[in-house]
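Number of protein chains: 4
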Amino acid sequence: MPEPPDLAHIAHAELLTPFPDDSLRFFVELFGMQIEYQEGQSVFLRGWGEYQPYGLKLTEARLPGLGHVAIRAWSPEALERRVAGIEATGLGDGWIEGDHGHGAAYRFRDPDGHRFELFYEQDRYVPPEELRPRLKNVPQRHVDRGAAVKRIDHVNILAADIAANRRFAEEQLGYRTYEQVILDNGEESGAWMSLSIAAHELIYTADHAGGSGRLHHLAWFVDTREECLRAADLFVDADVPIEAAPSKHAVAQGMFLYVYEPGGNRVEVTTGTHFIYDPAYEPIRWTEAERARGQAWGVKTISTFHTYGTPPLDGTLGPPIPPTSALPTPGAPVA
Amino acid sequence: MPEPPDLAHIAHAELLTPFPDDSLRFFVELFGMQIEYQEGQSVFLRGWGEYQPYGLKLTEARLPGLGHVAIRAWSPEALERRVAGIEATGLGDGWIEGDHGHGAAYRFRDPDGHRFELFYEQDRYVPPEELRPRLKNVPQRHVDRGAAVKRIDHVNILAADIAANRRFAEEQLGYRTYEQVILDNGEESGAWMSLSIAAHELIYTADHAGGSGRLHHLAWFVDTREECLRAADLFVDADVPIEAAPSKHAVAQGMFLYVYEPGGNRVEVTTGTHFIYDPAYEPIRWTEAERARGQAWGVKTISTFHTYGTPPLDGTLGPPIPPTSALPTPGAPVA
Amino acid sequence: MPEPPDLAHIAHAELLTPFPDDSLRFFVELFGMQIEYQEGQSVFLRGWGEYQPYGLKLTEARLPGLGHVAIRAWSPEALERRVAGIEATGLGDGWIEGDHGHGAAYRFRDPDGHRFELFYEQDRYVPPEELRPRLKNVPQRHVDRGAAVKRIDHVNILAADIAANRRFAEEQLGYRTYEQVILDNGEESGAWMSLSIAAHELIYTADHAGGSGRLHHLAWFVDTREECLRAADLFVDADVPIEAAPSKHAVAQGMFLYVYEPGGNRVEVTTGTHFIYDPAYEPIRWTEAERARGQAWGVKTISTFHTYGTPPLDGTLGPPIPPTSALPTPGAPVA
Amino acid sequence: MPEPPDLAHIAHAELLTPFPDDSLRFFVELFGMQIEYQEGQSVFLRGWGEYQPYGLKLTEARLPGLGHVAIRAWSPEALERRVAGIEATGLGDGWIEGDHGHGAAYRFRDPDGHRFELFYEQDRYVPPEELRPRLKNVPQRHVDRGAAVKRIDHVNILAADIAANRRFAEEQLGYRTYEQVILDNGEESGAWMSLSIAAHELIYTADHAGGSGRLHHLAWFVDTREECLRAADLFVDADVPIEAAPSKHAVAQGMFLYVYEPGGNRVEVTTGTHFIYDPAYEPIRWTEAERARGQAWGVKTISTFHTYGTPPLDGTLGPPIPPTSALPTPGAPVA
């Protein structure tokens, strides 16, 4: 029987970058995010529409990839219920005192090895005077810089065994699976999951390269499809390597624009209003033949989308040369 | 402590019309809805994006207004919990066997007298061949007719005592209140409430005219603001009386376009992506002075918006002459 | 020295189709055009925003392709000047009495053999009561059917010798060349030309297949990029073969969506506001390397775009199987 | 008989401001323009899409208002023809050597006393390296700052005798009149005129206050309606006084957003694709009753729109308190 989930939403994600200055400049100048705080090797960044202080923790590291995903619970009781369940699986790492902007958090790993944290206590963002909005129901002034992303939208992570990780997310975290890709041999190769009516908040896609704990991409939301198109114009002029130009996904119906940030991680500007209101939703199951038809309007999915993740398995730094880029020098520093 | 709600969403609303043929033609030709079923004095209509068979039950009646609001529960257990609570308030009317497309439903009235139904069992829409979509995660082909509304979005109802009805919706139905208008004398005059991250699904606004159980408006969602603008062009050419041209609400940040359907009910074409992810969200409280500044971009709220509801208290049929209409003959039949 | 042109705009184009019923249904149901007149083997169709009675003459023929392009002059005197010039080139065919909706026209062929007509006298569209707009500065009610195209925008024709045809269009017709593709060997392989500030109205692109007088595509304008995106959704559901999904051109900056109409001709839904105000504009010259980078946002130009034209040189009927189509049955009849 | 015009387009306008620092900050930070040059009491500013070095010359003055309007001719010969005609009217002021970015210019005044200049020689903008675009057919990188206006679009000036000024513009400048407002007493009270297919480039509207040579507003173009909506969000947060929130004009069909810049001049963010291709277009004539119906979607035209111009007749500085502003402190300094 369907039950409303104990967890509310992904409060932030930590992204690792070997080129922290370039990555920071990218997220500030080209994604239009605000620096909310800095500490040690990390910078905490926010989109203008986030009620929480930040949605991105950007941390220097030897290789790019995902640091961790932090999920906020609905209540202290809900948090306790979920922690108890995870502890029983043996994947728990225990409590930490908290981090900038949030309280005590429980650490664990999904079966593929990605690090997660659960917590309930979360600070609410209070804007400084120069960022105070004129309408009191938005947390911060609108931003005009770059893509001007509103908030973190979803996390897409790679995993060797999609079914195992999907079941873990469903059973231990309360995620609902809205869409899946099932190979002809019966194996799962993708799962689009959510805690809300949003079409996807956590996505597992198959890591064909043999890695573990790797990242496919992080995505940020903008309010309109026109903002995705406009971001592409700005990114072209800024020599941002575009992996996939704006178009519409078949799965989950979202508008997408995929680029590489200077640390080598794939990031997305997305929007969409494909909501799932059915509490007993039956997951959509896509076949290989159906996926081979491409995205919603027939655009073929670019091959690197199925092969590239971070960290790279060979330890090579930097983004790949994107095959469809309009740009002659895709690896050039971001202006 | 916040808890995820037992109820999932408004599955449909019943609208009463004294001119059923004109209203039906309006919803089919100008809102772009499909007739899914007809029975007795009712026609069941759907937007292209609804998973359920219909979101609107249009019923002939002597006067316009709201028939009832039907809310789907998350599970049979959740339904039972809610019914038990309502029964204890004395506002319950008891179970009915169900209606077209859904199972047994529990009837009750809110303190202001609006009729509601709760149920869990809900049919899923199966499109006929000519409406079969090419992407399997949309329930029906896209529609090109009129505003081509996607799904019912929210219900805005008038009430004499906002606080009493808000508390009932919170306590008995599990709605979360995201925004409020509080008069200078401390009285509540509006409550925007939701079961999900959507900024509003059920709204109470003050009925200054002394009625009870009246409707302010029903709203349907489109995916983009451009669709709201385009709907206005189509409505002008079709002599639809426009009460408020497309602009952006301050409260809940939604794009709006308000018109009168031929039965005299106010209906809205809306879109928006102002989502509430915070499980412990503190309701935004607007003062009289703040609301006097108008909508998000400064457009003054039209006076009829504060005075007109259905049924009219004097029993007069038909829509009022909209003060801002571009049209010389606002009451003319819809083409 | 630049001079303002003697010719005003492409008033209509004639498209040939071996499947007239299917093509007609396509232009009415999926492009949203109105049948304005029928005569013999031809149907005259209009977009809602055209001041002239029609912008498309659709004519049954054994093979698809371009019938003729009709250009309206600024004045009778301007028409006479242009006719005198063309006659001197030996490419003139002489005057005809006119056709439905326009007066006497002068026929000629461009160096590649495409048929053109020049005229001045043009009827103005008078809508029937059911299509009368409510605002008097639009010629017809807005349309909600399919892509709801507004007006014919440009004609893209194939030619063996681009330079010869470009010079003819410049010298005899007064077209201004705004952009060009120049191959590494110095040969021209494309010319984007206009009589107005619009970025292109007549385009020549290289016919690598050895044909003559062939059509690359006809394009119709919509007011917004969102309408291009929405048209793609509608076309996917209607099994229209999409050759190139919505994206932005590098040359001339227009938004595009390319599909095949049932007769086998490529047609485009386009929009754009890249205007050329400089009376002494120097044509932009694109190199092979620059064009190899793809469209504005990096989308690679699909190979059929460089090879397919109508009529097909082998006499085969029907559209090719579009390599990027989302559709399993691209040749299926249009619903 | 219609003839193509001798003049090409409004190359720039000079705006006077009593608060040059505030106005400059407004055009740079909130309209997103670049400072191209500074000299004496003037700053030369450009939108990202202008081929010419600048479209706005912003000059310090005791009172706000229009400095002059500069129109570029199609050729030296066309310029000579027009100058000869104007000289014969007695309204000519003679030649000046030129100004930053353009060659010798002929000065004159229209019958209402507005200053104009005509010239042919115009520099072409060469971007510095940091503003070099990646696509060679745009003159400059895309801008993300504020409304990020693309280019100057039109000039709307007040005049006591509309008919006299319209005839002067038609006869001496070659403007074509596309739309007019004719009062019930037969008097003209507005004329929308253009040198191109654009729906308006020069507008005369009635000055009911008895002034002469006054400005109604200058307008800048953006590519999409979504950019108008987004500009409104940014302007609200920056305390820019909004006179009229985004909506669609009935006359000329453009999307509008009217605000006051700190010098007190009304300025507009606009877009639109209502093009006039008919060389023999008959001007649309609007009656008082038709205009009383409001804008395209029924929004009533705000009263200050009919009464406010610059310079103010009473010599009062600063913008009026805009009646529809969402803002409590409309005169507050721009952030």
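Chains as they are written, first to last, in my numbering: chain A, 1 to 335; chain B, 336 to 670; chain C, 671 to 1005; chain D, 1006 to 1340. Ideal Cβ placement from N, Cα and C applies to all residues, glycine included. As the structure is a prediction and not an experimental result, all values here were calculated from the model.
Which full runs of the alpha helix (DSSP H) of 4+ residues lie inside the stretch 710-768 of chain C, going along the chain?
746-759
Taking the C-alpha atoms as reference points, what is the distance between E625(B) and N520(B)?
15 Å
Under a Cβ-count criterion, where at least 16 other Cβ atoms within 10 Å of its own Cβ denotes burial, should T642(B) be classed as buried or exposed?
exposed
Is the Cβ-Cβ distance between F975(C) and A914(C) less than 8 Å?
yes
Measure the CB-CB distance between G67(A) and G55(A) and report whether it falls below 8 Å.
no
Sufficient close CB pairs (3 or more, under 8 Å) joining the stretch 914-927 of chain C to the stretch 849-866 of chain C:
yes
Check this for me: beta carbons of K727(C) and H784(C), under 8 Å apart or not?
no
Could you compute how far the alpha carbon of A1243(D) sits from the alpha carbon of S1252(D)?
20 Å
According to a CB-to-CB cut-off of less than 8 Å, which residues of the stretch 205-234 of chain A neighbour chain C?
R225, E226, L229, A232 and D233
Please identify the residue among L805(C), I954(C), T894(C) and V906(C) whose C-alpha is closest to the C-alpha of E926(C).
A quick correction: the sequence has Phe, not Glu, at residue 926(C). Nearest of L805(C), I954(C), T894(C) and V906(C) to F926(C), Cα basis: T894(C).
Going by alpha carbons, who is nearest to I637(B) out of E623(B), I577(B), P647(B) and D434(B)?
I577(B)
Could you list the residues in the stretch 1242-1260 of chain D with a C-beta less than 8 Å from some C-beta on chain B, going in chain order?
I1247, A1250, P1251, S1252, K1253 and A1255
Mind listing the chain A neighbours of K471(B)? Cutoff is C-beta to C-beta under 8 Å, in chain order.
I284, W286 and E290
Can you pull the chain D residues whose beta carbon is under 8 Å from the beta carbon of V602(B), in chain order?
Within 8 Å Cβ-Cβ: nothing; V602(B) doesn't reach chain D, min ~16 Å.
Could you please tell me which residues of the stretch 138-162 of chain A, in chain order, have their CB closer than 8 Å to any CB of chain D?
R141, H142, D144, R145, G146 and A148
Option nearest D93(A) by Cα separation, candidates R82(A), R107(A) and R81(A):
R107(A)
Could you name the residues that DSSP lists as bridge partners for N1270(D)?
Per DSSP, none; premise fails for N1270(D).
Between W48(A) and chain B, is the shortest Cβ-Cβ distance under 8 Å, so that the two count as touching?
no
Identify each residue in the stretch 63-80 of chain A for which the Cβ-Cβ distance to at least one residue of chain B is less than 9 Å, and report them in chain order.
R72, A73, W74, S75, P76, E77 and A78
Compute the Euclidean distance between the alpha carbons of L788(C) and D1283(D), then round it to the nearest angstrom.
15 Å
Starting from the beta carbon of A199(A), find every residue of chain C whose beta carbon is closer than 8 Å, and list them in chain order.
Residues of chain C passing the Cβ test: none, with the nearest at roughly 16 Å.
Kindly indicate which residue of A495(B), G420(B) and Y386(B) has the alpha-carbon position closest to the one of K671(B).
Since the first residue shown for chain B is 336 and the last is 670, residue 671(B) is missing from the structure and cannot be characterised.
Chain-order list of residues whose beta-carbon lies under 8 Å from that of Y1067(D) (same chain, five-residue window excluded):
This sequence places Arg at residue 1067(D); Tyr is not what is there. Answer for R1067(D): P1023, listed in chain order.
Could you check where the beta strand (DSSP E) with S524(B) kicks off and where it finishes?
E523 to S529
Could you list the residues in the stretch 1090-1113 of chain D with a C-beta less than 8 Å from some C-beta on chain B, going in chain order?
none
Under the assumption that V557(B) contacts T606(B) (Cβ atoms under 8 Å), give the Cβ distance between them as a whole number of angstroms.
5 Å
Establish whether the CB of L1021(D) and some CB of chain C are separated by less than 8 Å.
no
To the nearest angstrom, how far is it from the Cα of W765(C) to the Cα of G883(C)?
20 Å
Output yes or no for whether 8 Å exceeds the beta carbon distance between P399(B) and N600(B).
yes
On the CB-based measure, 16 or more other CB atoms within 10 Å of its CB, does H543(B) come out buried or exposed?
exposed
Chain-ordered chain A contacts of T512(B) [CB-CB under 7 Å]
Simply none; closest approach about 13 Å.
In this structure, does DSSP put S247(A) in helix, strand or coil?
strand
Taking Cβ to Cβ, would you say I822(C) is nearer than 8 Å to H886(C)?
no
Out of P809(C), G710(C), E730(C) and I867(C), point me to the one whose CA is closest to H944(C)'s CA.
I867(C)
Using a Cβ-Cβ distance under 8 Å, would P1132(D) count as near chain A?
no
Which same chain residues end up closer than 7 Å to D1011(D) when comparing Cβ atoms and leaving out the 5 residues on each side of it in sequence?
A1078, W1079, A1083, R1086, R1087 and G1179
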